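**Q** Numbering (the numbering used here), first residue to last: 9 to 270.
Got a structure here, written out as structure tokens. Questions coming.
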């Protein structure tokens with residue numbers, strides 16, 4: 009029987025995974041970010057398809073099966089070992105904390121910037137493909153427009169709060185993936201977090217931007233300025249939730265355990 013790792017072991021595993029991510033070549037990093045971007049679009053499209061099928065008979069209850077559909081997109085990301093933007097908070101920062109000689113600021117910024125840009129590039133390409141007339145079942149576009157407008161037109165304060173929660177959830181997923189010992193457990197954790205993200209909806213900047221872009225392709229009443237403002241607000245919230253709320257809390261937990269053990 010596998011023994012659940014203690015917080016120090018989880019942190020050590022995360023630091024090893026973070027080192028792998030930080031040491032990727034530029035081509036590998038670009039490819040990984042690109043793959044993650046178009047992979048998560050399949051989850052967004054699945055949410056729209058399921059929502060459009062269920063809503064006529066179930067109304068608002070359609071949100072639940074739609075959220076389950078998005079969960080499968082996050083599973084695909086985790087199984088494929090591709091990464092979305094703030095999934096790269098916990099493990100790489102753990103690596104920086106473990107290093108005695110450097111905070112790895114340049115490497116961290118490189119990882120985050122390249123991942124962010126190519127998540128959006130890969131995702132936008134797949135959105136263009138799937139928004140071609142007839143590519144998705146009838147009614148999917150309307151469902152995607154409805155959700156996109158709800159995301160884009162929220163008050164900034166509420167969007168920021170949802171983004172804090174979304175950033176915390178995705179960073180927590182990174183922590184949980186290092187806390188389990190089997191592929192099945194990793195799949196379960198990814199699915200649960202994906203469903204929770206969609207149910208909120210708790211904003212993850214890549215998922216939210218691509219969802220809104222999908223809606224815009226189907227005619228949503230959303231301007232470029234609104235999209236830009238939403239991107240800035242959600243990114244800031246993700247950083248606060250992912251780094252400030254989850255990553256630094258786990259660092260404090262491990263440092264506290266080390267201090268008590270000395």
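C-beta atoms are modelled at their ideal positions from N, C-alpha and C, and glycine is treated no differently.
It should be emphasised that the depicted structure is a prediction, and the values quoted were computed from it without experimental measurement.
Measuring CB to CB, does residue 254 end up less than 8 angstroms from residue 179?
**A** It is a contact, given that the beta carbons lie within the stated cut-off.
**Q** Taking the alpha helix (DSSP H) that residue 240 belongs to, which residues open and close that run?
**A** Here the alpha helix (DSSP H) through residue 240 covers 232 to 247.
**Q** Relative to the C-alpha of residue 243, which candidate in 87, 214 and 84 has its C-alpha closest?
**A** Per the Cα distances, 214.
**Q** Does residue 153 come out as helix, strand or coil in the three-state DSSP assignment?
**A** Correct three-state label for residue 153: helix.
**Q** From residue 26 to residue 75, what does the alpha carbon distance come to, in whole angstroms?
**A** Computed Cα separation, rounded: 29 angstroms.
**Q** State buried or exposed for residue 341, treating a residue as buried only when at least 16 other CB atoms are found within 10 Å of its CB.
**A** Because the chain here runs from 9 to 270, residue 341 falls outside it and cannot be looked at.
**Q** Please classify residue 194 as buried or exposed, where buried requires at least 16 other C-beta atoms within 10 Å of its C-beta.
**A** That one is buried.
**Q** Residue range of the alpha helix (DSSP H) that residue 20 falls in?
**A** Element bounds for residue 20: 15 to 30.
**Q** With respect to the alpha helix (DSSP H) encompassing residue 183, which residues constitute its N-terminal and C-terminal limits?
**A** 164 to 187 is the span of the alpha helix (DSSP H), which, as asked, contains residue 183.
**Q** Please classify residue 12: is it buried, with 16 or more other beta-carbons within 10 angstroms of its beta-carbon, or exposed?
**A** Per the 10 Å Cβ criterion, exposed.
**Q** DSSP state of residue 112, grouped into three classes?
**A** The answer is coil: DSSP assigns residue 112 none of H, G, I, E or B.
**Q** Quick one: residues in its chain with C-beta nearer than 7 angstroms to the C-beta of residue 124, no 5 flanking neighbours on either side, listed in chain order?
**A** Here the set comprises 93.
**Q** Quick check: the Cα distance between residue 150 and residue 263, rounded to an integer number of angstroms?
**A** Computed Cα separation, rounded: 50 angstroms.
**Q** Which same chain residues, not among the five before or five after residue 56, have their C-beta less than 6 angstroms away from its C-beta?
**A** Once the five neighbours on either side are set aside, the close Cβ partners of residue 56 are 148, 151 and 152.
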